[in-house]
Structures are given as structure tokens and as C-alpha cells.
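Q: After the C-alpha cells below, expect a handful of questions from me.
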Amino acid sequence: MIQVVMVISTQVKPRLLKFYSFQVPNPLLSSIQAPPSPLSFFNTQQVLGQFPHPDQPLAPEKHQDLVRSVFQLLSARPNSVSSFVKVDSVFGPGTKMVYKHLATLYFVFIFDSSENELAMLDLLQVFVETLDRCFKNVCELDDVCNFNKLHTILDEMILGGQVIETSSEQIVKSVEEIERLEKQSSTTSFIPKSITERFTRKLSLISLTPNI
């Protein structure tokens, strides 16, 4: 299952942040002393804090802390290494992260052990390709100015953490249809047809009446 989708700028600004099923890992994590590792700079307790129940969802004010932690992991990785990263200490046991770095943006999918790594990499590529098709070479400004469209594209791909569409062409068609319906609804007249017809006939009569 996909737990989190992130689009983060190189200025550590979250341009898209969507949580599906991510919940705070077992509270015991806050008391476990992790062995020295490349992630030793990250303190799980500081980010997750103390929670009274293992099923309590992550508080919104902690989102930025997670974004910073993910960005620290990504920015420290050279371009030559794998796009997969284990993130058990941040998102719970068995979780992994796949990412793609384009220009000033990091595209990130975080998923659990039930998902195939290569399938998630392909899905991430479909997401980026779809954004390119919708925005003509997507950039950070597109994400900022078209926030609702960005969410619409993602919702056409993933629903409740489950993949529902993997065809970039089909996703683009669905997004275009949604936009067409939105434009149509925004231009629909709320005046009853009978009133508009009478008003139109009256204007026609006035225009036909000779000036005296």
C-alpha cells in the first residue's frame, strides 16, 4: 500500500503532500536507541513525539518535520546510487521510499512491503510523465499555480493508497474531461429558461419597434 506521496522543492518547500494510511509507528520507537548509522542525525523521537496510542495519526504540525527529514535523506544521496531508500525509522517497519529528482523538485512515493519496488518506480515515472503532458515539461511554478490540478492527477492514479490507473494517456483524458465539466458547470445559467426566453422575445420586439 502507498502511504505517502510527496513533491518537495530543493528549498524544502512541500509542493504536494498527501498521506493515505501513514500512522505513527509503535510508541516503543520513541524509546529505542538506534545504533549509529548514516541516519544518526535524525531523531525519531523529536519528529514523532510522544503518542498515547499506536493508531493515533500523525498530527498536521508534524508534517513539516517529516518533509525536512525526507529531504535530508534525499539531498545527501549522490546521483549514482539507487532510487530506493529504506525508511523504517521514519515511517515504520517494512516501509521504503522511491524518488525521482527533476530540476528543483523531488518526487517521492513511500510504500509498505506489500508493494513491488519496480512497480512503484514505474508508477512514479507515470506520475512525472503525466505531469509533463499536462503542464508541458512540469516545473515548480506549475505545481504552485495549479495545485488543484496536481491533486486531480494524483487522485486519478491512486485512491486510498491503492493504485487504480497506470496509463498516462487515460489519466490525461480523465483530467481533461474533469476540466471540461468544471468549465461547463461554471458557465451554466442559473436563470430559468422560461424567464430568459421571455426576456429575449421582449428585446426582439423592442428592436423591431420603429423609432417615433
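Read the sequence shown against UniProt numbering and you will find it ends at 212, with the numbers running on by one and no gaps.
Beta carbons are placed, not taken as given, at the ideal position from N, Cα and C, and that holds for glycine.
Between the Cα of Leu121 and the Cα atoms of Arg68, Phe107, Val138, which residue gives the shortest distance?
A: For Leu121, the nearest C-alpha among the options comes from Phe107.
Q: Tell me which residues share the same chain as Gln170 and place their Cβ nearer than 6 Å to its Cβ, disregarding the 5 neighbours each side in the sequence.
A: Closer than 6 Å at the Cβ level, and outside the excluded window around Gln170, lies no residue.
Q: In whole angstroms, what is the alpha-carbon distance linking Ser80 and Val126?
A: Distance between the alpha carbons of Ser80 and Val126: 22 Å.
Q: Would you kindly work out how many angstroms separate the C-alpha atoms of residue 214 and Cys134, rounded to a whole number?
A: Given a span of 1 to 212 for the chain in the structure shown, any question on residue 214 remains unanswerable.
Q: Starting from Lys136 and walking both ways along the alpha helix (DSSP H), at which residues does that stretch end?
A: Looking at the DSSP string, Lys136 is not in any alpha helix (DSSP H), and its letter there is neither H nor E.
Q: Give the straight-line distance between the Cα atoms of Thr10 and Val67, rounded to the nearest whole angstrom.
A: Going from the Cα of Thr10 to the Cα of Val67 covers about 11 Å.
Q: Quick check: what's the CA-CA separation for Val172 versus Asp132?
A: Whole-angstrom Cα-Cα distance: 10 Å.
Q: Taking 8 Å as the threshold, find out whether the segment 91-108 comes into contact with the segment 6-20 through three or more Cβ pairs.
A: With a cut-off of 8 Å, the segment 6-20 and the segment 91-108 count as touching, because enough Cβ pairs lie within range.
Q: Ends of the beta strand (DSSP E) at Ile153?
A: Ile153 -> not in any beta strand (DSSP E); alpha helix (DSSP H) instead, spanning 147-157.
Q: Between Leu17 and Met6, what straight-line distance do the alpha-carbon atoms span, to the nearest angstrom?
A: Roughly 5 Å between the two C-alpha positions.
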